[in-house]
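So the sequence shown is numbered by the numbering used here: it starts at 18 and just counts up by one. First up is the structure itself, then whatever we jot down about it.
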Amino acid sequence: MGSVIAILLFSVSLIFCLLLNFSVVYALIVGYIIFITYGLIKGYDLKVLVKKSFEGVLTVKNILLVFVLIGMITALWRASGTIAFIVYMGSKLILPSILILLTFLLCSILSFLIGTSLGTAATMGVISVSIGKAMGINPYYLGGAVLSGIYFGDRCSPMSTSALLITELTKTNLYTNIKLMLKTSIIPFIATCLFYLFLGLKSSTSPVSIDATNIFKENYNLNIVVIVPAILIIILSLFKVNVKKTMLLSIFISFIIAMFFQKESVTSLINYCIYGFHHSNEKLNLMMKGGGILSMVKVGLIVAISSSYSGIFKETKMLILIKEYLKKFSEKTSNYLTIFLSSIISGAIACNQSLGTILTYELCEELEEKQNMAIILENTVVLLAALIPWNIAMAVPLKTIDIGLMSGLFAFYLYFLPLWNLFLGIVKEKKKINR
Numbered sequence: 018m019g020s021v022i023a024i025l026l027f028s029v030s031l032i033f034c035l036l037l038n039f040s041v042v043y044a045l046i047v048g049y050i051i052f053i054t055y056g057l058i059k060g061y062d063l064k065v066l067v068k069k070s071f072e073g074v075l076t077v078k079n080i081l082l083v084f085v086l087i088g089m090i091t092a093l094w095r096a097s098g099t100i101a102f103i104v105y106m107g108s109k110l111i112l113p114s115i116l117i118l119l120t121f122l123l124c125s126i127l128s129f130l131i132g133t134s135l136g137t138a139a140t141m142g143v144i145s146v147s148i149g150k151a152m153g154i155n156p157y158y159l160g161g162a163v164l165s166g167i168y169f170g171d172r173c174s175p176m177s178t179s180a181l182l183i184t185e186l187t188k189t190n191l192y193t194n195i196k197l198m199l200k201t202s203i204i205p206f207i208a209t210c211l212f213y214l215f216l217g218l219k220s221s222t223s224p225v226s227i228d229a230t231n232i233f234k235e236n237y238n239l240n241i242v243v244i245v246p247a248i249l250i251i252i253l254s255l256f257k258v259n260v261k262k263t264m265l266l267s268i269f270i271s272f273i274i275a276m277f278f279q280k281e282s283v284t285s286l287i288n289y290c291i292y293g294f295h296h297s298n299e300k301l302n303l304m305m306k307g308g309g310i311l312s313m314v315k316v317g318l319i320v321a322i323s324s325s326y327s328g329i330f331k332e333t334k335m336l337i338l339i340k341e342y343l344k345k346f347s348e349k350t351s352n353y354l355t356i357f358l359s360s361i362i363s364g365a366i367a368c369n370q371s372l373g374t375i376l377t378y379e380l381c382e383e384l385e386e387k388q389n390m391a392i393i394l395e396n397t398v399v400l401l402a403a404l405i406p407w408n409i410a411m412a413v414p415l416k417t418i419d420i421g422l423m424s425g426l427f428a429f430y431l432y433f434l435p436l437w438n439l440f441l442g443i444v445k446e447k448k449k450i451n452r
């Protein structure tokens, strides 16, 4: 019973912070204290609990490194003129009415190629949103299309860490999982495309004004060379080069281009990497400012603190009682519904996709055989985590493209797919019962 009370107290602290508009970091710190206290009450040694919590943080060190790279690449693409060039050219070639759909499709393709939602948001997402904002498209529509697209590939790419994590947890075959994931996503994918096409056709958009294009021409050298950092991302992704190495190379090339083509000083570029890009021209700032390592500090803290929980949970075995409740609930309802609801709760508590996946699996692993469990996890927690405002699966991409949380309402793919498969799962289970 103590474990349930501990989780309820943590949930209350999360709700309290959201209602008062406090940073979720404060709730996570309170949660850490609550879970450590629970361990102490149960007789566990403080040093052991702290050690286990740090072991949990170490499991996400690669994610924290990617955050640093995202902060740098989004600042330097602005400084080098990469984004300015693509926005300038894209605004002349792309019809505003199809940009929302195109944003979803391009983000889907790139995320499938590189297997990372965060890397896609920092590259294709930033580019698409920059073009869309210049065209006057509702930013929440664009944010929803980016979220939908980046998690299409994050879910089913051979290089996706979430796909690899679930394969490891369930001891299933990666390519069998991918085949089943694609099969279960056909109807939600088509429905998502139709909704984004409808939004685009009904949106009040306009071509980029002459003033906007003149701002780019006046403040940047728009030589075609400045597009190289973006092209590198695509080419290296096709050759399946490690995403961190790909981003590092793009950062280096962006730095050089900014120096020689945009006449930026080394000092200014280092400042951009840390604090984000900014320009003396206020009109240009409205479209181009942002990025930088410091912009990722808050989400980095969310990941680090929430990941520390996994070590405490394992050491104290505090999830056993909850597993028993879930088993009883599944007997009264359905296995799929139980896993679906558990994934939402796990995503809310874990605050990151990886830990949410691990928690959902640990809570529900006895409900389904391995292959079914793998696909259900891919169709629930991997996507639903990105609809929880304080989960980094949603917070980081939206911070990267600088659009608010209301974008989640228009991330159609993220709830079309789970709900469609929830419906099919319940129907399938009822048929088994009737037989």
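Glycine included, C-beta positions come from ideal geometry on N, C-alpha and C.
Which residue marks the beginning of the alpha helix (DSSP H) containing residue i, and which one marks its end?
i           : result
residue 70  : 63-75
residue 141 : No alpha helix (DSSP H) contains residue 141, which DSSP labels as neither H nor E.
residue 258 : It is not in any alpha helix (DSSP H) - residue 258 carries neither H nor E in the DSSP assignment.
residue 329 : 314-333
residue 420 : Looking at the DSSP string, residue 420 is not in any alpha helix (DSSP H), and its letter there is neither H nor E.
residue 156 : 156-173
residue 454 : The requested residue 454 does not occur in the structure, where the chain is confined to residues 18 to 452.
residue 34  : 19-36
residue 89  : 78-97
residue 237 : No alpha helix (DSSP H) contains residue 237, which DSSP labels as neither H nor E.
residue 52  : 41-58
Just mark residue i as buried or exposed, buried being the case when its beta carbon has 16 or more other beta carbons within 10 Å.
i           : result
residue 317 : buried
residue 148 : buried
residue 396 : buried
residue 62  : exposed
residue 32  : exposed
residue 274 : buried
residue 75  : exposed
residue 167 : buried
residue 129 : buried
residue 169 : buried
residue 332 : buried
residue 438 : buried
residue 93  : buried
residue 417 : buried
residue 282 : exposed
residue 444 : exposed
residue 421 : exposed
residue 313 : buried
residue 42  : buried
residue 337 : exposed
residue 155 : buried
Looking at the strands, I want to know which residues DSSP matches up with residue i.
i           : result
residue 294 : 307
With a CB to CB cut of under 7 Å and the five nearest residues on each side skipped, what residues in its chain are close to residue i?
i           : result
residue 352 : 384, 385, 446
residue 270 : 245, 246, 249
Note down, in chain order, each residue of its chain lying with its Cβ closer than 8 Å to the Cβ of residue i, except the 5 sequence neighbours on either side.
i           : result
residue 266 : 249, 253
residue 199 : 173
residue 209 : 121, 165, 429, 430, 433
residue 19  : 55, 58, 59, 335
Under 8 Å by Cβ, that's how I've got residue i and residue j pegged, so tell me the actual separation to the nearest angstrom.
i           : j           : result
residue 45  : residue 323 : 6 Å
residue 309 : residue 292 : 5 Å
residue 7   : residue 415 : One cannot answer for residue 7 here, as it falls past the ends of the chain, which runs 18 to 452.
residue 165 : residue 370 : Going by Cβ atoms, the distance from residue 165 to residue 370 rounds to 15 Å, so no, they are not a contact pair.
residue 55  : residue 335 : 6 Å
residue 101 : residue 233 : 5 Å
residue 320 : residue 81  : 6 Å
Within the same chain, show all residues whose beta-carbon is closer than 6 Å to that of residue i, passing over the 5 residues directly before and after it, in chain order.
i           : result
residue 121 : 162, 165, 166, 213
residue 227 : Unreliable positioning characterises residue 227 in this predicted model, as indicated by a pLDDT of 47, which lies under 50. The coordinate reading is nonetheless provided below. Same-chain partners within the cutoff: there are none.
residue 361 : 401
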